[in-house]
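2 protein chains.
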Amino acid sequence: MPEWIWPGSDPVVPSDDRGLAYGQGVFETLRVTPAGPVLLEAHRERLLAGCRALGIPFDAGALDAWQQQAAERGLLAPQAPAVLKITVTAGSGGRGYRPPEPVTPRVISVLVPAPPVPRDGARVRFCQQPLSAVAAGRGHKSLARLEQVLASAELSDDEFEGLMAVDGGSGWVEGTRTCLFSVVDGTLVTPPRDQLAVLGTLREWLVRNADHFGLAVQERALTEADLRTHGLLLGNSVMGLVPVSECGDSPVPVNAGATRLVEDVNRELGFG
Amino acid sequence: MPEWIWPGSDPVVPSDDRGLAYGQGVFETLRVTPAGPVLLEAHRERLLAGCRALGIPFDAGALDAWQQQAAERGLLAPQAPAVLKITVTAGSGGRGYRPPEPVTPRVISVLVPAPPVPRDGARVRFCQQPLSAVAAGRGHKSLARLEQVLASAELSDDEFEGLMAVDGGSGWVEGTRTCLFSVVDGTLVTPPRDQLAVLGTLREWLVRNADHFGLAVQERALTEADLRTHGLLLGNSVMGLVPVSECGDSPVPVNAGATRLVEDVNRELGFG
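Chains as they are written, first to last, in our numbering: chain A, 1 to 272; chain B, 273 to 544.
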């Protein structure tokens with residue numbers, strides 16, 4: 001059975017936790033509202049895929065058990081919108097890097113503040129810190145997030161997000177905590193899955209439902225020319241879609257197709 | 273001032289620690305004996321370089337303070353050899369990936385079991401898991417160690433270490449927790465610094481003092497032919513040098529130069 005840690009006064013974990021020691025764990029941040037969690041199934045899928053990739057025996061049954069306990073605690077449908085973070089680590093034990101047998105997962109659930117969202121337009125910048133094309137756990141939301149931490153440290157206070165490129169690749173593929181979208185003449189352009197450090201749940205949903213919003217889909221990295229000509233949207237499942245108004249001190253346009261998509265998506269997912 | 277956590281009954285860290293959440297931290301494992309710590313200065317240098325690279329304001333003065341407290345607790349010169357692990361994280365706080373200002377480091381000190389060491393010859397294997405050439409924090413002993421964890425999970429119970437290659441590179445450059453050496457006709461061959469996930473303290477010391485052991489130095493990745501012809505040594509500062517006797521079910525020779533180096537180095541550093 002996993003070890004459960006629930007929101008309370010000053011939750012702590014043993015200092016020998018393998019998530020702390022080596023990054024052997026995954027997490028999800030889930031927007032929860034009176035109507036329930038947003039994109040729950042997508043978050044479940046990514047969490048379980050990450051656990052499999054990292055050798056953590058936390059399966060759908062264990063996740064069901066978490067979900068039931070979280071529901072009983074009122075965490076999945078709070079009175080006001082909130083963000084619920086679940087972290088699943090490989091627990092304690094093992095000899096150095098070698099995991100113990102069996103691994104006993106540790107599951108930490110906490111409520112974290114919802115991020116402020118500049119609905120009228122975000123400032124972003126191009127980051128120097130590259131994404132590794134072969135990082136272990138790539139695509140999964142593992143606890144090893146140094147690339148994103150170091151890219152975030154490049155941002156000034158009034159910059160909302162940093163754009164990142166794959167080392168040796170061309171074009172911009174991802175924000176530190178958002179996926180990237182551009183609406184170009186009726187087509188949703190977004191970087192391909194295999195270039196992403198984290199496979200965004202909102203992105204997956206949006207690509208799957210693009211025709212519902214009257215858009216075709218093209219998957220490719222975005223160039224600076226794309227941004228300057230067609231504009232840029234940022235998206236994740238706790239903020240919805242956010243238009244970009246400025247990148248690196250130069251303006252970024254917001255076209256009519258993008259404005260409509262932002263309104264439609266945010267309404268559909270229950271964002272303000 | 274950093275927050276200190278010392279060995280005691282069940283040490284814990286707050287669940288919002290940035291080392292746990294994102295891997296924003298570094299660690300060192302230090303062999304400590306009645307004669308004091310082994311290669312202390314090299315461990316200090318690597319720890320401080322890692323903190324600088326990861327934006328953690330833990331400097332030489334803070335490390336001096338740690339060292340003094342550790343000495344007062346008897347941790348640096350125990351009655352029997354032991355392994356002291358120090359972990360320095362970016363502490364708690366911040367908005368998501370963005371670090372707080374200021375960062376208050378958290379310093380966790382624990383005694384961990386000394387690894388068993390097959391002095392008569394280790395079995396190793398070639399690992400599938402590659403090392404990323406551009407991983408954030410590369411060279412530093414950061415808490416983001418998924419590559420090493422996943423490579424270690426490839427090992428069977430009777431395999432002591434796994435050899436890793438840089439993605440897209442040629443040759444073997446590093447073990448999951450050791451550096452690699454081959455003694456070839458009076459020359460110490462070891463992979464170059466810029467190909468290492470972690471810059472080994474024993475390796476640095478050995479390269480600097482090679483002439484003391486009557487050896488020249490050549491820095492290059494090792495091929496399987498090197499291993500099969502000249503043999504392979506594994507080394508780190510908590511185990512000293514260990515000869516390899518078998519790799520992937522085929523024997524690996526141990527030549528006279530390697531045997532002498534193992535004896536000389538282990539004697540000089542106080543290993544049994």
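Backbone N, C-alpha and C define an ideal beta-carbon position, used for all residues, glycine too.
This one's a predicted model, so the numbers in the text were calculated from it and none came from an experiment.
Next on the checklist: Taking 8 Å as the threshold (beta carbon to beta carbon), is residue 486(B) in contact with chain A?
Outcome noted: no
Next on the checklist: Looking at chain B, is there any beta carbon in it that lies within less than 8 Å of the beta carbon of residue 264(A)?
Outcome noted: no
Item to check | Cut-off 6 Å between Cβ atoms - residues of its own chain near residue 176(A), not counting five sequence neighbours on either side | outcome: 148, 151, 152 and 162
Checklist entry - What are the start and end residues of the alpha helix (DSSP H) that includes residue 124(A)? => result Here residue 124(A) belongs to no alpha helix (DSSP H); instead the beta strand (DSSP E) covers 122–126.
Item to check | residue 477(B), enclosing beta strand (DSSP E) - first and last residue | outcome: It is not in any beta strand (DSSP E) - residue 477(B) instead sits in the alpha helix (DSSP H) that spans 473–480.
Item to check | Residue interval of the alpha helix (DSSP H) (run including residue 529(B)) | outcome: 528–541
Checklist entry - Between the region 434–454 of chain B and chain A, which residues of the former have a C-beta closer than 7 Å to a C-beta of the latter? => result 439, 448 and 449
Checklist entry - Of all the beta strand (DSSP E) runs that stay within the bounds of the region 364–433 of chain B, which reach a length of 3 or more residues? => result 378–384 and 394–398
Checklist entry - Buried or exposed: residue 467(B), going by 16 or more other Cβ atoms within 10 Å of its Cβ? => result buried
Checklist entry - Quick one: which chain B residues come within Cβ less than 9 Å of residue 148(A)? => result 294, 368, 369 and 408
Item to check | Touching by the beta-carbon criterion (3+ pairs, under 8 Å), the region 389–401 of chain B and the region 66–73 of chain A | outcome: no
Next on the checklist: Based on DSSP bridge pairs, tell me the residues matched to residue 216(A).
Outcome noted: 187(A)
Next on the checklist: Given a cut-off of 8 Å on the beta-carbon distance, is the pair residue 331(B) and residue 320(B) in contact?
Outcome noted: yes
Checklist entry - residue 416(B) CB to nearest chain A CB: under 8 Å? => result yes
Checklist entry - Run through DSSP, which three-state label would residue 73(A) get? => result coil
Checklist entry - For residue 125(A), which residues from the same chain have a beta carbon less than 6 Å from its beta carbon, with the 5 sequence-adjacent residues on both sides left out? => result 159, 162 and 248
Checklist entry - Hey, which unbroken runs of the beta strand (DSSP E) at 3 residues or more fall wholly within the region 294–353 of chain B? => result 297–305
Checklist entry - First and last residue of the alpha helix (DSSP H) that includes residue 499(B)? => result 496–502
Checklist entry - Looking at the unbroken beta strand (DSSP E) that takes in residue 245(A), where does it start and where does it end? => result 240–247
Next on the checklist: Using the three-state DSSP reduction, which class does residue 292(B) fall into: helix, strand or coil?
Outcome noted: helix
Item to check | Sequence-distant residues of its chain with Cβ nearer than 8 Å to residue 279(B) (five each side left out) | outcome: 345, 347, 381, 382 and 383
Item to check | Residues near residue 16(A) in its chain [Cβ-Cβ closer than 6 Å; skip 5 each side] | outcome: 92
Checklist entry - Got a sec, what are the start and stop residues for the beta strand (DSSP E) residue 234(A) sits in? => result 233–236
Next on the checklist: So, at 8 Å on beta carbons, what are the nonlocal neighbours of residue 482(B) in its own chain, with the 5 sequence-adjacent residues on each side left out?
Outcome noted: 460, 488 and 489
Next on the checklist: Check whether chain A comes within 8 Å of residue 470(B), counting only Cβ atoms and requiring the distance to be less than that.
Outcome noted: no
Checklist entry - What separation, rounded to the nearest whole angstrom, lies between the Cα atoms of residue 1(A) and residue 275(B)? => result 32 Å
Item to check | Partners in chain B for residue 132(A), counting only beta-carbon separations shorter than 8 Å | outcome: 404, 405, 406, 407 and 408
Checklist entry - Do three or more CB pairs link the region 301–308 of chain B to the region 350–358 of chain B at distances below 8 Å? => result yes
Checklist entry - For residue 509(B) versus residue 292(B), is the C-beta spacing smaller than 8 Å? => result no
Checklist entry - Below 8 Å between beta carbons: does that hold for residue 130(A) and residue 166(A)? => result yes
Item to check | residue 284(B), enclosing beta strand (DSSP E) - first and last residue | outcome: 284–286
Checklist entry - Taking only beta-carbon atoms, is residue 110(A) less than 8 Å away from chain B? => result yes
Checklist entry - Which one or two residues does DSSP pair with residue 4(A) in a beta bridge? => result 107(A)
Item to check | Counterpart residues of residue 83(A) in DSSP-defined beta bridges | outcome: 31(A) and 112(A)
Item to check | Short-range partners of chain A found in the region 273–301 of chain B, where Cβ spacing is below 9 Å | outcome: 277, 282, 283, 284, 285, 286, 287, 288, 289, 290, 291, 292, 293, 294, 295, 296, 297, 299 and 301
Checklist entry - Can you find a C-beta in chain B that's less than 8 Å from the C-beta of residue 57(A)? => result no
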